[in-house]
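A.B. asks:
Protein chains: 2
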Amino acid sequence: MVQVGSKTKPVRLADVARAAGVSHGTASNVFSRPEVVRDEVRERVMAAAETLGYAGPDPRGRMLRAGKVNAIGVATAEPLSYFFDDPFARAVMSGVSEACDRTGAGISLVSAANGEQLAWNVRSALVDGFVVFCLEDGSRLVDLARERGLPFVALSFGQDDPTIAALGVDDVAGARLAARHLTGLGHRRIAILSLEFDAGGHGPATREKARTAAYSATRDRIAGYFEAILEAGIDPASVPIYETLNDEATTQAGLDHFFSVANPPSAVLCMSDRMALVALDWLARRGLSVPGDVSVVGFDGVAEGAVAQPPLTTVAQPMAAMGRRAVEMILAFDGRIRRETMDIELVVRASTAPPRAGV
Amino acid sequence: MVQVGSKTKPVRLADVARAAGVSHGTASNVFSRPEVVRDEVRERVMAAAETLGYAGPDPRGRMLRAGKVNAIGVATAEPLSYFFDDPFARAVMSGVSEACDRTGAGISLVSAANGEQLAWNVRSALVDGFVVFCLEDGSRLVDLARERGLPFVALSFGQDDPTIAALGVDDVAGARLAARHLTGLGHRRIAILSLEFDAGGHGPATREKARTAAYSATRDRIAGYFEAILEAGIDPASVPIYETLNDEATTQAGLDHFFSVANPPSAVLCMSDRMALVALDWLARRGLSVPGDVSVVGFDGVAEGAVAQPPLTTVAQPMAAMGRRAVEMILAFDGRIRRETMDIELVVRASTAPPRAGV
DNA sequence: CTCGCATCTTGAATCGATTCAATTTTAGCG
DNA sequence: CGCTAAAATTGAATCGATTCAAGATGCGAG
Numbered sequence: 002m003v004q005v006g007s008k009t010k011p012v013r014l015a016d017v018a019r020a021a022g023v024s025h026g027t028a029s030n031v032f033s034r035p036e037v038v039r040d041e042v043r044e045r046v047m048a049a050a051e052t053l054g055y056a057g058p059d060p061r062g063r064m065l066r067a068g069k070v071n072a073i074g075v076a077t078a079e080p081l082s083y084f085f086d087d088p089f090a091r092a093v094m095s096g097v098s099e100a101c102d103r104t105g106a107g108i109s110l111v112s113a114a115n116g117e118q119l120a121w122n123v124r125s126a127l128v129d130g131f132v133v134f135c136l137e138d139g140s141r142l143v144d145l146a147r148e149r150g151l152p153f154v155a156l157s158f159g160q161d162d163p164t165i166a167a168l169g170v171d172d173v174a175g176a177r178l179a180a181r182h183l184t185g186l187g188h189r190r191i192a193i194l195s196l197e198f199d200a201g202g203h204g205p206a207t208r209e210k211a212r213t214a215a216y217s218a219t220r221d222r223i224a225g226y227f228e229a230i231l232e233a234g235i236d237p238a239s240v241p242i243y244e245t246l247n248d249e250a251t252t253q254a255g256l257d258h259f260f261s262v263a264n265p266p267s268a269v270l271c272m273s274d275r276m277a278l279v280a281l282d283w284l285a286r287r288g289l290s291v292p293g294d295v296s297v298v299g300f301d302g303v304a305e306g307a308v309a310q311p312p313l314t315t316v317a318q319p320m321a322a323m324g325r326r327a328v329e330m331i332l333a334f335d336g337r338i339r340r341e342t343m344d345i346e347l348v349v350r351a352s353t354a355p356p357r358a359g360v
Numbered sequence: 002m003v004q005v006g007s008k009t010k011p012v013r014l015a016d017v018a019r020a021a022g023v024s025h026g027t028a029s030n031v032f033s034r035p036e037v038v039r040d041e042v043r044e045r046v047m048a049a050a051e052t053l054g055y056a057g058p059d060p061r062g063r064m065l066r067a068g069k070v071n072a073i074g075v076a077t078a079e080p081l082s083y084f085f086d087d088p089f090a091r092a093v094m095s096g097v098s099e100a101c102d103r104t105g106a107g108i109s110l111v112s113a114a115n116g117e118q119l120a121w122n123v124r125s126a127l128v129d130g131f132v133v134f135c136l137e138d139g140s141r142l143v144d145l146a147r148e149r150g151l152p153f154v155a156l157s158f159g160q161d162d163p164t165i166a167a168l169g170v171d172d173v174a175g176a177r178l179a180a181r182h183l184t185g186l187g188h189r190r191i192a193i194l195s196l197e198f199d200a201g202g203h204g205p206a207t208r209e210k211a212r213t214a215a216y217s218a219t220r221d222r223i224a225g226y227f228e229a230i231l232e233a234g235i236d237p238a239s240v241p242i243y244e245t246l247n248d249e250a251t252t253q254a255g256l257d258h259f260f261s262v263a264n265p266p267s268a269v270l271c272m273s274d275r276m277a278l279v280a281l282d283w284l285a286r287r288g289l290s291v292p293g294d295v296s297v298v299g300f301d302g303v304a305e306g307a308v309a310q311p312p313l314t315t316v317a318q319p320m321a322a323m324g325r326r327a328v329e330m331i332l333a334f335d336g337r338i339r340r341e342t343m344d345i346e347l348v349v350r351a352s353t354a355p356p357r358a359g360v
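Chains as they are written, first to last, in the numbering used here: chain A, 2 to 360; chain B, 2 to 360.
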């Protein structure tokens, strides 16, 4: 006689209490603090629960009373599958998972590509706080999160708003590291594959335009690249920049652009591993060897880079650590806004080498 | 004067109503059904909300009343990072994501390796239903989910309990497909790398022992393999089986076992792509070419298989479709238990070929 | 001026539990 | 047996909203 779902109307704690002839409060204690109830009574209540088919306190009631939900929300302005498909997201989520596992919290994925839906989802998410993935223009999402009045941490949020808790890396330093690595190897003809300056932008760009880019990660990385380029005494005007959408099509367009000239670059700085991986592929198809003919440096440090052909030299963000730290910040939130910068690191693998001699 | 979090005590809808001089009900309508409230009143309430810093109805209250949470729980008995690290889980989650995106539902990850914690998490998860990943012995988790009295669907649940909604593949047919592919190519010396028969089991095993395996996926796949083996007139006693924990160490132990004999197999049937990938690696290091010296067939159809060296022939489960369907079943649950079997498909890639001539 | 009909608003009930001060019961002890 | 301290139990208040029948208001027609 198995009864499942819908038909039976739910049994409440009050029903159990009545059936067992005890009060609300006592019945509640039986479940949440069994040690304060006399054995005899506890057993009576349990028996009544059993008979009525009561499954234990409904978390909804508990939650309303307690205020805490025991779940961390993670928000993006992407489809939900972003969390499982994107390598960067996955690495961060590994860290988030670890921190949540340790504290017994759950993870609630709150996300939608559609703005309307996203707003609704953020507003109605049952969570204790948000980790906000600030991709591109994160401010819309940050505003939504802030509206909830819950603690939240913005990951890689570009703006210096001191009222927003944020966790990021020093993009200038990271980019400088990448570019210095190339100049150190002796490269003098370098090209830059950039992320968007602002929403939807792509095509050839200039350093001047980059200075006013809306997305600060892009702006900072360009700045970092050029610090090293200037240090090495390279004419900045000789360094072409191509703005991509971080997808295959525009990245390839950028490469076409760079390599269709008389004196093509001997090295490409990519602002994401995604682009760097596309570049590796493009160069191979084009018959150019990496790092023999061209060196490639990525940015992010995703797992795919390590197993690419050749393994990718890149600037690794501490993705898992960021996820972990973000959760810790939320759980330990005490009203004080913190903004933290995490260490970024150059990982030298096989996609970079000195330029061909005599070029 | 930005005020964040903790200090300010929360503003309730009731406070807004009072401030605006309207009733509870009207204030509620302003937010949830603005069209029924006269413009003038609505603006007054909105203004009051603004002044008081009211962010909109608290989802907790709404949720308690509505009963619905608008989130699907996904449960496993693994650490949370399983969802982001495991290729099978990720593929399923892609499907889950898609279905949730379409219906505007969120995803709640409910998981813990620790049984105590897991039970608590399942019991207190704020979800409308569960997708249960039945890895190995899924029954503990299924029991937990059933206790909640919410609709749930067990993925790959081995038992034929008709009171449990389940979604799976025909393991017998899938395995038969894999083995038939090998026998069809002419292989006669085949070895089987099996998943666990029951919790923690590993080491050399026999067909007889497999018949009584607790995990039915394992049992069924072994059965399917042998159907094809018998069809081909191969002596089943000549087919070694090695039970692994689906990890690197025990899989390699199994391969050591198979290939340390005089007349090693010309083909290996692996009950998971994970094992097959380890096998590819092991064989390469051992100097055996695939598929020249040894053919390898996997099971699952994870993305890694397609880019392995060589690309892996495997039996592909419709992972994303399973995730999608599971969510649909939960959302459309009407009290009727359904058990569905999805199609499984042999994907022939480059890890299989006829055995070397004259062997 | 009144009646009828829409359209708004109200207020109480409900969702399902937890908490805690106050009260009752039990146990221990002289 | 009475008294007291300790332990167990009660019951009302609370968490924050939504819902809906019933009442109020406004407006136009007669």
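All C-beta atoms in this analysis are idealised placements derived from N, C-alpha and C, irrespective of residue type, glycine included.
What does a CB cutoff of less than 6 angstroms around S352(A) pick up in its chain, not counting 5 residues either side in sequence?
C.D. replies: Closer than 6 angstroms at the Cβ level, and outside the excluded window around S352(A), lie V291, P292, V297, P311, L313 and T314.
A.B. asks: Is P241(A) buried or exposed, if buried means 16 or more other CB atoms sit within 10 Å of its CB?
C.D. replies: With 16 or more other Cβ atoms within 10 Å, it is buried.
A.B. asks: In or out: R149(B) buried (at least 16 other Cβ within 10 Å) or exposed?
C.D. replies: Buried: at least 16 other Cβ atoms inside 10 Å.
A.B. asks: Once DSSP output is grouped into helix, strand and coil, what is the label at L270(B)?
C.D. replies: Reduced to three states, the DSSP call for L270(B) is strand.
A.B. asks: Short of 8 angstroms in beta carbon distance, which residues of its chain neighbour D16(A), apart from the five on each side in sequence? Order them along the chain.
C.D. replies: Cβ within range, chain order: L53 and Y55.
A.B. asks: Taking DSSP's pairing of strands, which residues face D301(A) in a bridge?
C.D. replies: DSSP output for D301(A) lists A317(A) as bridge partner(s).
A.B. asks: What is the residue span of the beta strand (DSSP E) that A333(A) lies within?
C.D. replies: Looking at the DSSP string, A333(A) is not in any beta strand (DSSP E), and its letter there is neither H nor E.
A.B. asks: Any Cβ of chain A within less than 7 angstroms of the Cβ of I331(B)?
C.D. replies: So, not an interface residue.
A.B. asks: Can you list, in chain order, the residues of its chain whose CB lies under 7 angstroms from that of A126(B), leaving out five sequence neighbours each side?
C.D. replies: Excluding positions up to five away in sequence, the list reads G74, S109 and V111.
A.B. asks: With 16 other CB atoms within 10 Å as the buried threshold, where does N264(A) fall?
C.D. replies: With fewer than 16 other Cβ atoms within 10 Å, it is exposed.
A.B. asks: What residue range is occupied by the uninterrupted beta strand (DSSP E) comprising S195(A)?
C.D. replies: I191 to S195 is the span of the beta strand (DSSP E), which, as asked, contains S195(A).
A.B. asks: Measuring CA to CA, which of V349(B), L281(B) and G57(B) is closest to G302(B)?
C.D. replies: It is V349(B) whose Cα lies nearest to the Cα of G302(B).
A.B. asks: Tell me whether the segment 277-288 of chain A and the segment 246-263 of chain A touch, counting them as touching only if at least three CB pairs, one residue from each stretch, are closer than 8 angstroms.
C.D. replies: The segment 277-288 of chain A is in contact with the segment 246-263 of chain A.
A.B. asks: Count the other CB atoms, across all protein chains shown, that sit within 10 Å of the CB of A250(A); report buried if there are 16 or more and exposed otherwise.
C.D. replies: So A250(A) ends up on the exposed side.
A.B. asks: What residues of chain A sit near M94(B), judged by a beta carbon separation below 7 angstroms?
C.D. replies: Correct list: F85.
A.B. asks: Is S7(A) close to chain B? Criterion is C-beta to C-beta, closer than 7 angstroms.
C.D. replies: Unreliable positioning characterises S7(A) in this predicted model, as indicated by a pLDDT of 41, which lies under 50. The coordinate reading is nonetheless provided below. Yes - at least one Cβ of chain B is within 7 angstroms of the one on S7(A).
A.B. asks: To which residues does DSSP link I242(B) through a beta bridge?
C.D. replies: In the DSSP output, where bridge partners are listed per residue, I242(B) has I193(B) and A206(B).
A.B. asks: Quick one: give me the first and last residue of the alpha helix (DSSP H) that L119(B) is part of.
C.D. replies: Start and end: G116 to S125.
A.B. asks: Would you verify that the beta carbon of L278(A) is, or is not, closer than 7 angstroms to some beta carbon of chain B?
C.D. replies: No, L278(A) does not count as interfacial toward chain B.
A.B. asks: Might you give, ordered along the chain, the residues of its own chain that have their beta carbon closer than 7 angstroms to the beta carbon of M276(B), omitting 5 neighbours on each side?
C.D. replies: Counting only Cβ-Cβ distances below 7 angstroms, and skipping sequence neighbours, we find L194, T245, N247 and T252.
A.B. asks: At a CB-CB cut-off below 8 angstroms, which residues of chain B make contact with A113(A)?
C.D. replies: D102 and G105, listed in chain order.
A.B. asks: Buried or exposed: R147(A), going by 16 or more other Cβ atoms within 10 Å of its Cβ?
C.D. replies: Buried, because 16 or more other Cβ atoms sit within 10 Å of the Cβ of R147(A).
A.B. asks: What residues from chain A crowd round V143(B), counting only those whose CB sits closer than 8 angstroms?
C.D. replies: The contacting residues do not exist; V143(B) stays about 13 angstroms from chain A at best.
A.B. asks: Check whether the segment 319-328 of chain A and the segment 15-33 of chain B are in contact - that is, three or more C-beta pairs closer than 8 angstroms.
C.D. replies: With the cut-off at 8 angstroms, the segment 319-328 of chain A and the segment 15-33 of chain B do not touch.
A.B. asks: Any idea if L231(A) is buried or exposed, counting beta-carbon neighbours within 10 angstroms, 16 or more meaning buried?
C.D. replies: That one is exposed.
A.B. asks: Verify whether the separation of the beta carbon atoms of A114(B) and P88(B) is less than 7 angstroms.
C.D. replies: Cβ distance not < 7 angstroms, so A114(B) and P88(B) don't count as in contact.
A.B. asks: V269(A) CB to nearest chain B CB: under 7 angstroms?
C.D. replies: So no, V269(A) is outside the interface.
A.B. asks: Three or more beta-carbon pairs under 8 angstroms between the segment 189-204 of chain B and the segment 151-168 of chain B, yes or no?
C.D. replies: The segment 189-204 of chain B vs the segment 151-168 of chain B: no contact.
A.B. asks: Between K69(A) and D129(A), which are expected to be in contact by the criterion C-beta below 8 angstroms, what is the C-beta distance as a whole number of angstroms?
C.D. replies: That belief holds up - the Cβ atoms of K69(A) and D129(A) are roughly 6 angstroms apart, short of 8 angstroms.
A.B. asks: Taking 7 angstroms as the CB-CB limit, is A351(A) close to chain B?
C.D. replies: Output row for A351(A): interface = no.
A.B. asks: Suppose contacts are defined by Cβ-Cβ distances below 7 angstroms. Is R177(A) in contact with E228(A) by that definition?
C.D. replies: Yes; because the gap between Cβ atoms is below 7 angstroms, this pair is in contact.
A.B. asks: Counting only C-beta atoms, is Q118(A) closer than 7 angstroms to chain B at any point?
C.D. replies: At least one chain B Cβ lies under 7 angstroms of Q118(A).
A.B. asks: Which partner residues does I108(A) have in the DSSP bridge list?
C.D. replies: The partner list for I108(A) (beta bridge, DSSP) reads I73(A) and L110(B).
A.B. asks: Thinking C-alpha only, which one of A206(A), V279(A), R357(A) and L332(A) is nearest G107(A)?
C.D. replies: Nearest option by C-alpha distance: L332(A).
A.B. asks: Taking G26(B) as part of the alpha helix (DSSP H), name the residues at either end of that continuous run.
C.D. replies: G26(B) -> alpha helix (DSSP H) spans H25 to S33.
A.B. asks: Give me the residue from R141(A), E137(A), H203(A) and G96(A) with the minimum Cα distance to M323(A).
C.D. replies: Minimum Cα distance to M323(A) is reached at G96(A).
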